[in-house]
Amino acid sequence: MEGSFELTLQIVIAVLAGISAQVIAEYLKVPSIVFLLLFGILLGSDGLDVLHPHHLGMGLEVLVALAVAIILFEGGLNLELRDLDRVSGSLRNLVTIGTLITLIGGGISAHYLAEFPWSISFLYASLVVVTGPTVISPLLKQVRVDRQVATLLEGEGVLIDPVGAILAVVVLNTILNSNAAPITIVSGLILRLGIGALIGVTGGWLLGLLLKQANFLSEDLKNLVVLAGVWGLFVLSQTIRSESGLMATVVAGIVVKASSLPEERLLKRFKGQLTVLCVSVLFVLLAADLSIDSVFALGWGSLLSVFALMLIVRPISVAFCTWNSGLNWRQKVFLAWIAPKGIVSASVASLFAILLTDKGINGGDAIKALVFLTIMMTVFLQGLTARLVANWLQITSHEATGAVIVGCNYLGRLLARLFKEAGESVVLIDTDREACRKAEAEDLPVFQSSGLDSEVLTEAGINSMGTFIALTNNGEVNLVLAQRAVEEFQPPKVLAIFPQSNLNNSNSKSKVSQAFIAQLPIKVWNNYLSEGQVKLGKTVLREPELTFQQAHLQALIRSGELLPLLVKRKENLQVVKASEEWQLGDEIIYLLHDPRPKLLKRLSGGNQSSRLALEKLPEVEEIPIAPAVVPTSESTKSEVLP
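Numbering (the numbering used here), first residue to last: 153 to 794.
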């Protein structure tokens, strides 16, 4: 009983430390691996001495194997295949030629600078050819670079992990069987990759088919079916050929992604949470098992070896692999600088250290120490400076503009025209054929489809748009659409028209904002637009009466006479939020409605009330509403336009 409690305590400490590290990293906006390494070392034998991974025995190897399988499957599941097409040549080169260059360059630097034997040098080099999605993905979330560079780094991180792990196993087998012929070595590498790919394709296709056909399964159970399937494929592939399981899990993830499952967003969320947990626990455990004395014992030569890997080998690899890619020198420099090592390097190095020691071969602890030194240096130096380097190279992606609008009603089409006239991209989505036809007549890009269709949203360009807004006539539907967009695509701004009471029940309430005003009667304003009972105007808030202007603006909004649509702030066009706080210099585009009956307006001289309301706002400018939006009969025009 005492022994089982000790194991339980070790796992609980690792989980608490790992999740705490993730929380701190999220708060400080730095790569989580930084704090995972620090917490692991702090809790290990060279720190507070409360975490002892060796107490887990063979259980540690089992945890590592199963966790890495989940991590790589999730990496394959998140690969955007459309984006990969644009950089497929460079990506292929990085995974093949780049791996070879890193293997040779890393081996040479470890031999001459760190003074390792040739065999141990190349084993070390095989362990550090990988980068890893567990480090790259969080890094790219913090540092927004242009899409080509981000796709290359993400694709390399996912695809090179199984290649590097299998390569490391082949090199290890060569060391253990020094009489092996070169053809045997190469065939072993190809055979493992081939078996893993075949099992991954077959298993991924079967998983996708099962999830599509098994409608009787709940969504939660489907997630667990995938988890069981991934581990089953991993073990099957490992049984047929050792170390081929990693390739199987990556390929299975890519195939499941290509299956276009209706539950894909829920599957991604579940696997993403599992990956965070696995990475957190593994990094803490492996770092706690590291001897700091063994790192210092490496000497200055090992430090120079890592610098050579970062500053010489990686740039040469990127230069060769992107020679005819069309990337500019700034993009190539960033690619050359960013190559942090991750969980696969750490886990495989830890397992190899145990295996070499068991076989009586010297160098196992030294390899592990050098690999962890490489991880720490690349993560700290490259990870923490990535933002500065990206800004210096001027390859950070600019703030996304444009909008995807779900709802082709009068208000949706008017909003789309305003975006288009401002020179920004805009796309409308609606299931109503007649509404889509009207949008086409106004020369607006439109998709006749559901706003829940991931493929349509992707084709509409949601990944590059700055705003997603749902403004159908059904508030509950709008909230569902907005939540789905947040969960699957995470646009910079997500807005919707929905009842205030629904916001409290939303898991995404911090990311979904109410559009325009609270409790907007959208049907009423669409009716105003259809009958031509509104004016479109704009005004700029300026000193010296800013406070009065703001108060009067809010009074008009509360009275139901004015509906703010867009605000141009610092040259950036934004959809107005219900919680908008007006600022000096804001240029507000709005709709103004005269609530009086038509007959009374005719008798009192047309739009006198509206004009008086407009005069209380500074620098008012009326904007003609396009005839395609407001009915064009002469009688309507005489009531609405001056």
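Cβ atoms here follow ideal geometry from the backbone N, Cα and C, with glycine treated the same way.
Check	Outcome
Reference glutamate 308, options Asn325, Gln365, Val353 and Leu224, closest by Cα	Leu224
Counted within 10 angstroms of its Cβ, other Cβ atoms place glutamate 226 as buried (16 or more) or exposed	buried
Where threonine 427 sits in the DSSP three-state scheme	helix
Extent of the continuous beta strand (DSSP E) run through methionine 617	617 to 622
Contact check, tryptophan 720 vs glutamate 739, beta carbons under 7 angstroms	In the sequence on display, residue 720 carries lysine and not tryptophan. In contact: lysine 720 and glutamate 739 (Cβ atoms closer than 7 angstroms).
Through-space distance from isoleucine 165 to isoleucine 171, alpha-carbon basis	10 angstroms
From Ala707, Gly397, Arg296 and Glu306, residue whose alpha carbon lies closest to that of isoleucine 288	Glu306
Spatial neighbours of leucine 604 in its chain, beta-carbon cut-off 7 angstroms, leaving aside the 5 residues before and after	Leu633 and Arg636
Supposed close pair valine 629, lysine 663 - CB separation, criterion 8 angstroms	Contact flag wrong, Cβ pair sits at about 18 angstroms.
With 16 other Cβ atoms within 10 Å as the buried cut-off, status of isoleucine 222	buried
Buried or exposed by the 16-neighbour rule on C-beta atoms within 10 Å, applied to arginine 565	buried
Local Cβ density within 10 Å of glycine 757, reported as buried at 16 or more and exposed below that	Caution is warranted here: a pLDDT of 45 is assigned to glycine 757, below 50, making its placement in the model unreliable, and no coordinate value can be reported.
Backbone CA spacing between alanine 217 and leucine 487 [nearest angstrom]	29 angstroms
Tryptophan 544, buried or exposed, once every other Cβ within 10 Å from all chains shown has been counted against 16	exposed
Beta carbon of valine 310 nearer than 7 angstroms to that of proline 285	yes
Start and end residues, beta strand (DSSP E) containing histidine 745	739 to 745
Length of the line joining the Cα atoms of valine 186 and leucine 362	40 angstroms
Cross-strand partners of phenylalanine 599 (DSSP beta bridge)	Ile581
Secondary structure of proline 205, DSSP reduced to three states	helix
Touch test, the region 515 to 528 against the region 496 to 505, Cβ-Cβ under 8 angstroms, three pairs minimum	yes
Cβ contact check for the region 430 to 447 and the region 188 to 205: 3 or more pairs under 8 angstroms	yes
Start-to-end residues for the alpha helix (DSSP H) that takes in alanine 302	299 to 328
Glutamine 642 - DSSP class collapsed to helix/strand/coil	coil
Which of helix, strand or coil DSSP assigns to glycine 554	strand
Alanine 400 versus glycine 348 - alpha carbon distance	4 angstroms
Beta-carbon gap between glutamate 371 and leucine 418 smaller than 7 angstroms	yes
Complete runs of the alpha helix (DSSP H) confined to the region 352 to 426 [at least 4 residues]	371 to 392 and 397 to 410
Spatially closest choice to isoleucine 581 from Gly575, Glu594, Met617 and Ala622, by CA coordinates	Ala622
For valine 297 and isoleucine 547, believed in contact at Cβ under 8 angstroms, the rounded distance	5 angstroms
Secondary structure of alanine 612, DSSP reduced to three states	coil
Cα-Cα separation between valine 496 and lysine 722, rounded to whole angstroms	45 angstroms
First and last residue of the uninterrupted beta strand (DSSP E) at glutamine 726	724 to 727
Close Cβ partners of proline 597 (< 6 angstroms) along its chain, the five nearest in sequence each way excluded	Val579
Straight-line Cα distance separating asparagine 724 from glutamine 701	21 angstroms
Contacts around leucine 279, its chain only, beta-carbon distance under 8 angstroms, and the 5 residues preceding and following it disregarded	Gly316, Ala320, Ser497, Val500, Ala501, Phe504, Ile519 and Val523
Element boundaries [alpha helix (DSSP H), containing serine 446]	444 to 448
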